[in-house]
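Heads up, the thing below is written out as structure tokens.
Protein chains: 2
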Amino acid sequence: MTHLVHLTNARLATGDRLVSGDLWCDPEAGVFVPPPNPASPASAIDLQNRIVAPGFLDLQINGAYGFDFSEDPAGEHAGISYTERYGDVRRKLIATGTTSFLPTMTSQLPDRYHQNLPFLGPSNSRDPYDGTESLGAHCEGPFFAHNRMGVHLPHAIHASGSTSEPKRVFETYGASNLVDSDLLSVEKEPGSIPSHVRMITIAPERPGGLETIRQLSQKGIIMSIGHMAANYQQARAGIDAGATMITHLYNQMNGHHHREPGPLGMLGGASDVDSQNEAKNLKQSGNSDAINRPYFGIIADGNHVHPASVRLAYLTHPEGLVLVTDALLLLGGEDGTIDWLTRRLTKKGISVKLEGTDIIAGSCVTLLQCLNNFRRWTGVSIPVALQAVTSRPATVLGLAHIKGTLQPGADADFVVLREESVPGQSTSDLAVDQVWKFGVKVFDESAT
Amino acid sequence: MTHLVHLTNARLATGDRLVSGDLWCDPEAGVFVPPPNPASPASAIDLQNRIVAPGFLDLQINGAYGFDFSEDPAGEHAGISYTERYGDVRRKLIATGTTSFLPTMTSQLPDRYHQNLPFLGPSNSRDPYDGTESLGAHCEGPFFAHNRMGVHLPHAIHASGSTSEPKRVFETYGASNLVDSDLLSVEKEPGSIPSHVRMITIAPERPGGLETIRQLSQKGIIMSIGHMAANYQQARAGIDAGATMITHLYNQMNGHHHREPGPLGMLGGASDVDSQNEAKNLKQSGNSDAINRPYFGIIADGNHVHPASVRLAYLTHPEGLVLVTDALLLLGGEDGTIDWLTRRLTKKGISVKLEGTDIIAGSCVTLLQCLNNFRRWTGVSIPVALQAVTSRPATVLGLAHIKGTLQPGADADFVVLREESVPGQSTSDLAVDQVWKFGVKVFDESAT
Numbered sequence: 025m026t027h028l029v030h031l032t033n034a035r036l037a038t039g040d041r042l043v044s045g046d047l048w049c050d051p052e053a054g055v056f057v058p059p060p061n062p063a064s065p066a067s068a069i070d071l072q073n074r075i076v077a078p079g080f081l082d083l084q085i086n087g088a089y090g091f092d093f094s095e096d097p098a099g100e101h102a103g104i105s106y107t108e109r110y111g112d113v114r115r116k117l118i119a120t121g122t123t124s125f126l127p128t129m130t131s132q133l134p135d136r137y138h139q140n141l142p143f144l145g146p147s148n149s150r151d152p153y154d155g156t157e158s159l160g161a162h163c164e165g166p167f168f169a170h171n172r173m174g175v176h177l178p179h180a181i182h183a184s185g186s187t188s189e190p191k192r193v194f195e196t197y198g199a200s201n202l203v204d205s206d207l208l209s210v211e212k213e214p215g216s217i218p219s220h221v222r223m224i225t226i227a228p229e230r231p232g233g234l235e236t237i238r239q240l241s242q243k244g245i246i247m248s249i250g251h252m253a254a255n256y257q258q259a260r261a262g263i264d265a266g267a268t269m270i271t272h273l274y275n276q277m278n279g280h281h282h283r284e285p286g287p288l289g290m291l292g293g294a295s296d297v298d299s300q301n302e303a304k305n306l307k308q309s310g311n312s313d314a315i316n317r318p319y320f321g322i323i324a325d326g327n328h329v330h331p332a333s334v335r336l337a338y339l340t341h342p343e344g345l346v347l348v349t350d351a352l353l354l355l356g357g358e359d360g361t362i363d364w365l366t367r368r369l370t371k372k373g374i375s376v377k378l379e380g381t382d383i384i385a386g387s388c389v390t391l392l393q394c395l396n397n398f399r400r401w402t403g404v405s406i407p408v409a410l411q412a413v414t415s416r417p418a419t420v421l422g423l424a425h426i427k428g429t430l431q432p433g434a435d436a437d438f439v440v441l442r443e444e445s446v447p448g449q450s451t452s453d454l455a456v457d458q459v460w461k462f463g464v465k466v467f468d469e470s471a472t
Numbered sequence: 025m026t027h028l029v030h031l032t033n034a035r036l037a038t039g040d041r042l043v044s045g046d047l048w049c050d051p052e053a054g055v056f057v058p059p060p061n062p063a064s065p066a067s068a069i070d071l072q073n074r075i076v077a078p079g080f081l082d083l084q085i086n087g088a089y090g091f092d093f094s095e096d097p098a099g100e101h102a103g104i105s106y107t108e109r110y111g112d113v114r115r116k117l118i119a120t121g122t123t124s125f126l127p128t129m130t131s132q133l134p135d136r137y138h139q140n141l142p143f144l145g146p147s148n149s150r151d152p153y154d155g156t157e158s159l160g161a162h163c164e165g166p167f168f169a170h171n172r173m174g175v176h177l178p179h180a181i182h183a184s185g186s187t188s189e190p191k192r193v194f195e196t197y198g199a200s201n202l203v204d205s206d207l208l209s210v211e212k213e214p215g216s217i218p219s220h221v222r223m224i225t226i227a228p229e230r231p232g233g234l235e236t237i238r239q240l241s242q243k244g245i246i247m248s249i250g251h252m253a254a255n256y257q258q259a260r261a262g263i264d265a266g267a268t269m270i271t272h273l274y275n276q277m278n279g280h281h282h283r284e285p286g287p288l289g290m291l292g293g294a295s296d297v298d299s300q301n302e303a304k305n306l307k308q309s310g311n312s313d314a315i316n317r318p319y320f321g322i323i324a325d326g327n328h329v330h331p332a333s334v335r336l337a338y339l340t341h342p343e344g345l346v347l348v349t350d351a352l353l354l355l356g357g358e359d360g361t362i363d364w365l366t367r368r369l370t371k372k373g374i375s376v377k378l379e380g381t382d383i384i385a386g387s388c389v390t391l392l393q394c395l396n397n398f399r400r401w402t403g404v405s406i407p408v409a410l411q412a413v414t415s416r417p418a419t420v421l422g423l424a425h426i427k428g429t430l431q432p433g434a435d436a437d438f439v440v441l442r443e444e445s446v447p448g449q450s451t452s453d454l455a456v457d458q459v460w461k462f463g464v465k466v467f468d469e470s471a472t
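Order-wise, the sequence lines are chains V and P.
Throughout, this note's numbering is defined as the position within the first sequence, counted from one, plus 24.
Throughout, this note's numbering is defined as the position within the second sequence, counted from one, plus 24.
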């Protein structure tokens, strides 16, 4: 009989509430279990009214602790292999509460995708000590609008051409990275076709983009629109074709104008009559809330987006907001300037800019910091804020039954949080006390 | 004993619901009354399940049926006086369902305010046959940003200078039009100081603007910010100083940028930390919803603002949205081109543009048309949509106890509406069957 772990005296983040109660998990199977027969052997752990939340899930993170997921696996790093470095980063990252992620590659030439994606696919390991679990890679680029590259490698985006025909997209990433990769099953449903790549960010307005979105979304890959020049109608066409998300809303896309609302305009849904004096895109529903409202990532680091803009997006579509870090290898590093790809980046606090400029080059915040910012800026409750880093990203991936939840049967990935009051601030901050992966405690603040 | 009017078999727009029930009003007192003693004499009218809503209230309308509220009262109009013409317009307008309004003057030189405002103040009449009742004038301008004039008279705005010092504002409108005008009492509360002017639109960023907002809002005048160059912080300063509304949100103001959210950014409220990495404007509340969220007018004519932008604003702050027409004298007129002030305007359908250009010069829609557009674009229920033209504008004016409600004691201004299905459209449109003012039926579609 398995020795269960019994957590008592906890406040469990469940839906939009904190529910006082107990939680059981089975460290052998790595899952939460229903309340067992009282006679079952169990180690009881008193959490002293602390908060238990599902482990955090980051859908967009480019690297951390000096490691860039897009770096050359054949590169020289003091004799330490890409695999070892990748493992090391995941074991560090899990201590921040992020128990799963989509390791994200910036825009690269095809060879780099062919080399790196097999490393970055679903972890296919239930060893709790392997660190943050990959649920598959996120390919952010290179099929972008040429005027919305951000700091991605221009030559990689130029090499992608100006179209996004399915054939070119398959060749760029490598078809075997996209489908039929039967070695790496993280989904438990029969019929799902996992692959190394779980998510792709693509500009929908490039020729062939909608067909690519259609084909890949049908194969189970999560398509997100971003780094785009799309206007409102072009962005909506991307969502109508099967994309379900907007990559880092506001950044690297058209802004809002009251008569050309751009991608932001989609957050309110659609309606019967969306154009002036004529009925385009007729929808047979009177309720805009039900129609094609995309999820959207937000980088709530305090640099990328103004707090008022975070509130605007959140209040327009509360069930759509997903916090992402978009963190670079500078996350967890010291302030200073480093070489990165063909650029030089300067980190100062939470800010990362191209050296000598005011151009934002990415973030170096943890998902926990984003969560605390989000709470401060919106005033939403702790459990509602937690949804943006737990159940909602899991839902985006179609994994809400096994990730981002404390329900029996789901993977027992969770964090124990304490509340810390901050002078001059009406909301408390959350801090990570413990991190558990597959029912095993892998980080304990009190032990550090 | 008064002979009461008893409306039966109606669906009453009450809060966010349509409630089947009866309604009584007293045509002598002009108010709704509680269900009377069954022995009271009453004329029963069967409304056959039609909708009864409070009469519509338009906070911003510049003219209609060929009459401009800002026109020269000494001007030549075939021997028909300003007073007669103004009365004629009000008797026509009430048939559209708008039982009360703020007749709105565009930017003018001081003399024009001194001449016209005494005509446009609160009607101070309870004669149901006087047409749409004025609740006081709305002075839209001339204290505007010089780059946000719209089609207002440039010389009037230039004459206002670049500041908005209280002394200059009082002189421009005439102090007697702003305060202590004890002849014209529409408020029933003791201590209120009504005046000819009930609302002023002002750009908050002009020097002296905040002090003017502070002084006039303390005197009971509703201050609305608009036609402004204000950034987010400057707009917020206007609201913090006492302004409670944004004039036609989106039009004639800075747009939204994700790092400089502009006036739109205020719709989500404020929070502890509204700037990057430092605590400015510290608010001691954890709930952004409670903090200084302004009401906002929206011109939902299908020209001024995209439906998606209306949804965005509505969903961000549902309790803030007020539909206004911003209608010109062309409302109710034929298509064609006319002289207006120093300009020429071309009306084509619902569109009014400067002759030969694509510059929107105003609207010529009724509040009912705006209401139907708003329903189509958002899919909200009939009673919820009605709030944006009834109880909410009444609340903006501090008159929710006497206008925009069917409660006993309130003025018995109401409309009887029928639902009309529209081919290819999932929501019905509303049409006006009857209009009642002070408990007397003044318009009946079936009689026309």
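Beta carbons are placed, not taken as given, at the ideal position from N, Cα and C, and that holds for glycine.
None of the values given here were measured: they were computed from a predicted structure.
query: ALA261 of chain P, buried or exposed, once every other Cβ within 10 Å from all chains shown has been counted against 16; result: buried
query: Supposed contact pair THR156 of chain V and THR187 of chain V - C-beta distance, whole angstroms, cut 8 Å; result: Not a contact, Cβ separation roughly 35 Å.
query: ARG400 of chain P at chain C interface by Cβ criterion, 8 Å; result: Any reference to chain C falls outside this structure, whose protein chains are V and P.
query: Closer than 8 Å to chain P by CB, HIS503 of chain V; result: Coverage of chain V is limited to positions 25 through 472, which leaves residue 503 of chain V absent and any answer about it impossible.
query: Cβ separation of GLY279 of chain P and GLY286 of chain P, assumed to be a contact under 8 Å, to the nearest whole Å; result: 6 Å
query: Neighbour-count burial assignment, LYS371 of chain P, 16 or more Cβ in a 10 Å radius; result: buried
query: Residues bridged to PHE93 of chain P [DSSP beta-bridge criterion]; result: Bridge partners of PHE93 of chain P: none, in fact.
query: Separation of ALA161 of chain V from ILE245 of chain V, as counted between CA atoms; result: 10 Å
query: Whether VAL76 of chain P touches PRO51 of chain P by CB criterion (8 Å); result: no
query: In DSSP terms, what HIS30 of chain P is bridged to; result: P:TRP48, P:ALA68
query: Positions along the segment 401–431 of chain V whose CB lies within less than 7 Å of some CB in chain P; result: TRP401, THR402, GLY403
query: Coil, strand or helix - GLY121 of chain V by DSSP; result: coil
query: Closer than 8 Å at the beta carbon, the chain V residues around VAL329 of chain P; result: HIS282, ARG283
query: Minimum Cβ-Cβ distance from ALA253 of chain V to chain P less than 8 Å; result: no
query: Rounded separation between ARG317 of chain V and THR419 of chain V - CA only; result: 14 Å
query: Under 7 Å from the C-beta of GLY292 of chain P: neighbouring residues of chain V; result: ALA332, ARG335, LEU336, LEU339
query: Of the listed residues V:ALA169, V:HIS330, V:PRO342, V:LEU234, nearest to ALA253 of chain V (C-alpha basis); result: V:ALA169
query: Distance between beta carbons of LEU430 of chain P and LEU36 of chain P, contact taken as under 8 Å; result: 6 Å
query: Identity of the residue in V:VAL334, V:GLY360, V:GLN458 nearest TRP401 of chain V by Cα; result: V:VAL334
query: Complete beta strand (DSSP E) runs within the segment 151–181 of chain V (minimum length 3 residues, chain order); result: 161–164
query: Cross-chain neighbours of SER445 of chain P in chain V, by beta carbon under 8 Å; result: Within 8 Å Cβ-Cβ: nothing; SER445 of chain P doesn't reach chain V, min ~12 Å.
query: Whether GLN276 of chain V touches ARG172 of chain V by CB criterion (8 Å); result: yes
query: Any chain P beta carbon closer than 8 Å to TYR274 of chain V; result: yes
query: Coarse secondary structure for TYR319 of chain V, derived from DSSP in three states; result: strand
query: Touch test, the segment 173–181 of chain V against the segment 33–47 of chain P, Cβ-Cβ under 8 Å, three pairs minimum; result: no
query: Distance, THR120 of chain V Cα to SER299 of chain P Cα; result: The predicted model places SER299 of chain P with a pLDDT of 39, which falls under 50 and marks its position as unreliable; any figure quoted below should be read in that light. Distance between the alpha carbons of SER299 of chain P and THR120 of chain V is about 25 Å.
query: Contact list for the segment 364–388 of chain V against chain P, Cβ threshold 7 Å; result: none
query: Where PRO417 of chain P sits in the DSSP three-state scheme; result: helix
query: Reference HIS138 of chain P, options P:VAL55, P:ASP457, P:PRO97, closest by Cα; result: P:PRO97
query: Chain V within 8 Å of SER295 of chain P, Cβ atoms only; result: yes
query: The segment 341–359 of chain P in contact with the segment 394–413 of chain P per 3-pair CB rule at 8 Å; result: yes
query: Beta carbon proximity, GLY262 of chain V to chain P, threshold 8 Å; result: no
query: Proximity test, Cβ basis, 8 Å: LEU31 of chain V and chain P; result: no
query: As assigned by DSSP and simplified to three states, the class of ASP264 of chain P; result: helix
query: Terminal residues of the alpha helix (DSSP H) in which LYS191 of chain V lies; result: 190–197
query: Chain P residues whose Cβ lies nearer than 8 Å to that of LEU126 of chain V; result: Chain P residues near LEU126 of chain V: none, gap ~23 Å exceeds 8 Å.
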